[in-house]
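Heads up, the sequence shown is in my numbering, so the first residue is 14 and it goes up one at a time.
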Amino acid sequence: MASSPNGAGDDVFDQFLDDHGHTVERVGWEREYNKKQCPDCGGLHETSATTCTVCGWEPTP
14 MASSPNGAGD
24 DVFDQFLDDH
34 GHTVERVGWE
44 REYNKKQCPD
54 CGGLHETSAT
64 TCTVCGWEPT
74 P
């Protein structure tokens, strides 16, 4: 769950959670055989994909 639709302000939100004892992890692509798998919807993509074409998810830098 993001704090805003475009990711703006997520660093502040993540710092708040971290300061209050919560673990904050950056989510990236999962791997399924020789494909990338979207962690949000489970869509499979070529290894060159940078954005999920199913749901629009993209990893945070």
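Glycine residues also receive a C-beta, built at the ideal position from the N, C-alpha and C atoms. The structure displayed is predicted, hence computed values, not measured ones.
Beta-bridge partners of residue i, as assigned by DSSP
i	result
residue 43	50
residue 58	49
Start and end residues, alpha helix (DSSP H) containing residue i
i	result
residue 25	23 to 32
Burial state of residue i (16 or more Cβ within 10 Å)
i	result
residue 51	buried
residue 14	Residue placement at residue 14 is poorly supported in this model, since its pLDDT is 48, which falls under 50; the coordinates are not used for a value here.
residue 54	exposed
residue 17	With a pLDDT of only 49 at residue 17, under 50, the local geometry of the prediction cannot be trusted, and the value read off the model is given with reservation. Per the 10 Å Cβ criterion, exposed.
residue 68	exposed
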